Each structure stands twice: as structure tokens, then as C-alpha cells.
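Residue numbers (the working numbering): -8 to 131.
By construction, the Cβ of each residue, glycine as well, lies at the ideal position given by its N, Cα and C atoms.
Remember, predicted model here, so these are calculated numbers, not experimental data.
This is the structure we're talking about:
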């Protein structure tokens, strides 16, 4: 335990720590997120949104995909940022969307890929979903 004769050094240490956090840690992480060489586009501090420069095809794959996933927080302020609504918007623009899902063994995992597949297929006719691997047909 550190004891100070007066409280002035304690206040200045707290101020210095806050300054370092705000000016150095937050800004460095924000400016060079993931060490990318490309400049940050969209979702910047000024509130601008990222642009979808997609006009033909979107490919998505993963072992777990939840269609109702919100991509921006807080979710009540950005209700249009749900994955299914974004994919529906692009499908309505004529973009072909291909999704490859991992088909789990229901005894081992409960990621509900069948629900995700059905939900994604209901979005639009331009959305196509393939579940891989059918364990029983492949005798795995």
C-alpha cells in the first residue's frame, strides 16, 4: 500500500493515467486496427457508415452463422445492421449470395445449422445455402 503525505501526487497520477489511455492507447488502436496498411473506411468517429461495394456475388462460410446477428452496437439504435436484413437488401439489388454452413452432429454440438439454413433461404431467392458435411451420408 502506498501512502502519500498529501493527495496532490495521487490526483496527478490518475490524470496522467487517464491522459495516456485516452490519447495513446485508444487512438493508436483506432488508427492502426489490426495493423492494416489500408486507411480506415466507414464506421468512423464522424458516424459515417461503411459502403457495400458489391454488385455480383457474396460468399460467406463458417461453422456457426446466426442470421439475426447485429453487426453494430447498440443494437436498438442500429436495427438495420442485422445480417439477414443486410443480405436481403443486397439480394433485392440482384446480388447472388452463397452461404456454406457446417452441418453439425446434433449429439455433439448445438449450433442449430438447420435453423440458420432455413432462415437464410427464406430471405430471398438469390440466397443459396449449402450445409457441409452430411455426416451420415459420408459415413463419418
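- Going by Cα to Cα distance, which pick from 119, 78, 87 and 11 is closest to residue 58? Checked all of 119, 78, 87 and 11; the closest Cα to residue 58 is 78.
- Message: When you measure from the CB of residue 76 to every non-hydrogen atom of the ligand GTP, does any distance come out below 7 Å?
- Response: As presented, the structure is devoid of all ligands, the ligand GTP included, so that no description of it is given.
- Task: Have a look at 75, 80, 62 and 118 and flag the residue whose alpha-carbon is nearest the alpha-carbon of residue 88.
- Result: 118
- Task: Could you tell me which residues DSSP pairs with residue 53 in its beta bridges?
- Result: According to DSSP, which records beta bridges pairwise, residue 53 is partnered with 92.
- Message: Starting from residue 110, trace the alpha helix (DSSP H) in both directions and tell me its first and last residue.
- Response: DSSP places residue 110 in the uninterrupted alpha helix (DSSP H) bounded by 104 to 112.
- Separation of residue 7 from residue 45, as counted between CA atoms: If you take the alpha carbons of residue 45 and residue 7, they lie about 46 Å apart.
- Message: Quick check on residue 66: buried or exposed, where buried means 16 or more other Cβ atoms within 10 Å of its Cβ?
- Response: exposed
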